[in-house]
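Participant: Here it is, the structure, as structure tokens.
Quick look at the structure:
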């Protein structure tokens, strides 16, 4: 089916894109989508379809840390410049945010559900670390479940720094449902929400939506991020900061 050919190259398609690409009516597109979903070839998204699995499988956390790129270091450095003495911050599970934690040198209060973030901060006596509890995800080394999320109800953050498994056309997605809930709750308890994501996150799909674009204040990414995706975020009121590889 032609739809699958287009989907293989784009990873996701909106209903209107399917109609335009194949020159078919919305009713015909809807019937074709239903058939593909039934066959297990695609998953439904808000307003379209996507491949059912990550195009590039999310690798184990330890492996991702060892392959941290210069671009991620630059994103982390740019994020650190937005943190001030006395801030109360949330630090999400993310290799980029772990790098950010390693760069912090201010008097801060930090909440996180990432064991690796806590370890990166543990030698910094000026930082008050609050490690959230819950069930432990051994592969990606974070705590997650409903209890973790509920610990956030009594905290208000000056700034929240969040990662992403995938940035799709209608929001930010994650691989774990409970972890997506943590992101959703944090975004509602923060004065400023920062999304740290390199360009590869725009080429993936993931099953659980955690954030609408309207819940993000600032995206920090690299210069290879797709322009049409950045425009989509900007149209939702997100400030986009692109770091350049030439920076030292």
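In the UniProt record's numbering, the protein residues as written are 1 to 248.
Every residue gets a Cβ at the ideal spot worked out from N, C-alpha and C, and that includes glycine.
Determine, using beta-carbon pairs with one atom in the region 154-162 and one in the region 84-97, whether at least three such pairs fall under 8 Å.
Facilitator: Cβ pair count under 8 Å is three or more, so yes.
Participant: Is there contact between the region 134-145 and the region 74-81, where contact requires at least three CB pairs shorter than 8 Å?
Facilitator: No, they do not touch.
Participant: My parser needs the alpha helix (DSSP H) runs of 4 or more residues fully inside the region 111-192; what are they?
Facilitator: Listed in chain order, they are 115-121, 146-150 and 177-188.
Participant: Please specify which runs of the beta strand (DSSP E), each continuous and at least 3 residues long, are wholly inside the region 73-106, giving them in chain order.
Facilitator: List check, beta strand (DSSP E) in window: 88-91.
Participant: Nearest CA to the CA of residue 150: which residue from 122, 4 and 179?
Facilitator: Working through the chain shown from its first residue, we reach residue 150 at position 150. Nearest C-alpha to residue 150: 179.
Participant: Can you tell me which of 125, 114 and 119 puts its alpha carbon nearest to the alpha carbon of residue 133?
Facilitator: In the chain shown, counting from the first residue as 1, residue 133 sits at position 133. It is 114 whose Cα lies nearest to the Cα of residue 133.
Participant: Over what stretch of residues does the beta strand (DSSP E) that includes residue 12 continue unbroken?
Facilitator: Translated into the one-based positions of the chain shown, residue 12 becomes position 12. Residue 12 -> beta strand (DSSP E) spans 12-14.
Participant: In this structure, how does DSSP classify residue 205 when only helix, strand and coil are distinguished?
Facilitator: For the purposes of this step, residue 205 is taken as the residue at position 205 of the chain shown. Reduced to three states, the DSSP call for residue 205 is coil.
Participant: Is it true that the CB of residue 231 sits closer than 7 Å to the CB of residue 172?
Facilitator: Counted from its first residue, the chain shown places residue 172 at position 172. Counted from its first residue, the chain shown places residue 231 at position 231. The answer is no: Cβ separation not under 7 Å.
Participant: For the alpha helix (DSSP H) containing residue 230, name the first residue and the last one.
Facilitator: Within the chain shown, the letter at position 230 stands for residue 230. Element bounds for residue 230: 227-235.
Participant: So which of 131, 104 and 116 has the shortest CA-CA distance to residue 124?
Facilitator: By 1-based counting over the chain shown, the position of residue 124 is 124. Measuring from the Cα of residue 124, the nearest candidate turns out to be 104.
Participant: What residues in its chain sit with their C-beta under 6 Å from that of residue 222, if we drop five residues either side in the sequence?
Facilitator: The residue given as residue 222 occupies position 222 in the chain shown. These residues qualify, in order along the chain: 71, 198, 199 and 243.
Participant: Just curious, the beta strand (DSSP E) that residue 243 is in, first and last residue?
Facilitator: Within the chain shown, residue 243 is the residue found at index 243, counting from 1. 239-243 is the extent of the beta strand (DSSP E) around residue 243.
Participant: Between residue 233 and the rest of its own chain, which residues show a CB-CB distance below 7 Å, the 5 nearest in sequence each way excluded?
Facilitator: Within the chain shown, numbered from 1, the residue matching residue 233 stands at position 233. So the qualifying residues of the chain are 213, 219 and 240.
Participant: In terms of DSSP beta bridges, what is residue 23 paired with?
Facilitator: Start at 1 with the first residue of the chain shown, and residue 23 comes out as number 23. For residue 23, which the question treats as bridged, DSSP gives no partner whatsoever.
Participant: Could you tell me which residues DSSP puts in a beta bridge with residue 109?
Facilitator: Locating residue 109 in the chain shown gives position 109, where the first residue counts as 1. According to DSSP, residue 109 bridges with 88 and 128.
Participant: Tell me which residues share the same chain as residue 229 and place their Cβ nearer than 6 Å to its Cβ, disregarding the 5 neighbours each side in the sequence.
Facilitator: Taking the first residue of the chain shown as position 1, residue 229 is located at position 229. Contacts found: 202.
Participant: Taking the straight line between their C-alpha atoms, what separation do you get for residue 35 and residue 25?
Facilitator: For the purposes of this step, residue 35 is taken as residue 35 along the chain shown, with counting starting at 1. For the purposes of this step, residue 25 is taken as residue 25 along the chain shown, with counting starting at 1. C-alpha separation (whole angstroms): 16 Å.
Participant: Under three-state DSSP, which class holds residue 28?
Facilitator: Position 28 of the chain shown holds residue 28. Correct three-state label for residue 28: helix.
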